[in-house]
Amino acid sequence: MQAVHPFLFTGISFFITTLYFQFFSIKQQSSMKWNKAATPILLKLNSASVLAFMGFYFALKYIEPAIVSSLEMGLGPLFVILLAIKQKHHINVAKVSIAIGTLVACLILIYAIFAGKSALITWSKFSLLGILASIICGLGAVLCTLYSKQLSELGWTSSMILSKRFYGIILLSLIATYDVILDYLIGNIGWILLMTLLGVLVPMYLLQKGIQYCTPFFVMMSLCFIPVFTFFFQLFDTRLQWSNITFLGVVLLLLLGISSVIVDRNE
2 MQAVHPFLFT GISFFITTLY FQFFSIKQQS SMKWNKAATP ILLKLNSASV
52 LAFMGFYFAL KYIEPAIVSS LEMGLGPLFV ILLAIKQKHH INVAKVSIAI
102 GTLVACLILI YAIFAGKSAL ITWSKFSLLG ILASIICGLG AVLCTLYSKQ
152 LSELGWTSSM ILSKRFYGII LLSLIATYDV ILDYLIGNIG WILLMTLLGV
202 LVPMYLLQKG IQYCTPFFVM MSLCFIPVFT FFFQLFDTRL QWSNITFLGV
252 VLLLLLGISS VIVDRNE
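As numbered in my numbering, residues 2 to 268 make up the sequence shown, in order.
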């Protein structure tokens, strides 16, 4: 994935995902009257999706996968808290503490990059771009969660939302890669379909169902479990070295994720 132009895979995979969910949402849409309030939310959701996914795949080109997912998921809860404060919502002290903890974990991981103690060992000016892309990705993920939640509250099903939220990504990808996208698709169709199914379609559907039934903070904290799996799978990548600091940051995020589940159950 790190050797691929970030717009290539995202454009193709989300186009396939959109077609799949469009097939299932046609009947649902025909039985539901269009709510004009959904239009601006959809536009915002598409913009946020561009930030989240393009930021994620761009960051993967320059920093190790476990740190990319950790920064995205770790900063998400903090962004949720900041947005709640801006909107003058009630803030649970325990959730604030957890969000601060995730920030500390993210700072540890950023230190690992600059100190040359991440799985990639060395860093360059492009590492800064990777960190910035991860932060933007985290903000985009939070906004996606909030806007998806708003559509769910308007009566939209998961399939309906997923059939409409990737237009921005598809359009941007097509503009950026129109001259190579067809050759790339033909030459890599097998692994593209596999990665789309396992890495995009199924996870996005499950995430959308979670957004429908849970609070944005709980959703973002639940995603803190993802870096654990990312760290495990990157151990099989011979280009990457074992990093104690990355392991520490990932474990800290895992513990904070478990804590958030306990806090949410006690509310």
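By construction, the Cβ of each residue, glycine as well, lies at the ideal position given by its N, Cα and C atoms.
Going by C-alpha distance, which of the options is nearest residue i?
i, options, result
"Phe226", "Lys28, Ser261, Tyr206", "Ser261"
"Gly56", "Ile42, Leu72, Leu44, Leu20", "Leu72"
"Lys28", "Val252, Leu84, Ser160", "Ser160"
"Leu255", "Val97, Ile86, Thr103", "Thr103"
"Gln209", "Cys145, Ile171, Leu155, Ala85", "Cys145"
"Val264", "Phe219, Phe233, Ala142", "Phe219"
"Gly141", "Arg266, Leu253, Lys45", "Lys45"
"Ser22", "Lys89, Ser125, Ser164", "Strictly speaking, residue 22 in this sequence is Phe, with Ser absent from that position. The option with the nearest alpha carbon to Phe22 is Ser164."
Is residue i buried or exposed, if buried means 16 or more other CB atoms sit within 10 Å of its CB?
i, result
"Pro66", "buried"
"Gly117", "exposed"
"Val81", "buried"
"Arg166", "buried"
"Thr158", "buried"
"Ile64", "buried"
"Gln235", "buried"
Checking 7 Å against the spacing of the C-beta atoms, do residue i and residue j come in under that value?
i, j, result
"Ser119", "Thr247", "yes"
"Ala53", "Cys138", "yes"
"Gly250", "Ala106", "yes"
"Leu207", "Met74", "no"
"Met221", "Pro78", "yes"
"Asn245", "Tyr168", "no"
"Gly131", "Ala177", "no"
"Asn36", "Leu155", "yes"
"Val97", "Ile170", "no"
Less than 8 Å between the CB atoms is what I'm expecting for residue i and residue j, so what's the real figure, rounded?
i, j, result
"Ile1", "Ser153", "Look at the range of the chain in this structure, 2 to 268, and you will see that residue 1 is not part of it."
"Phe10", "Tyr58", "7 Å"
Practice prompt. Would you check if the region 107-122 and the region 10-28 touch, i.e. whether three or more CB-CB distances between them fall below 8 Å?
Written response: no
Worksheet entry | the region 213-229 touching the region 68-85, judged by at least three CB pairs closer than 8 Å | yes
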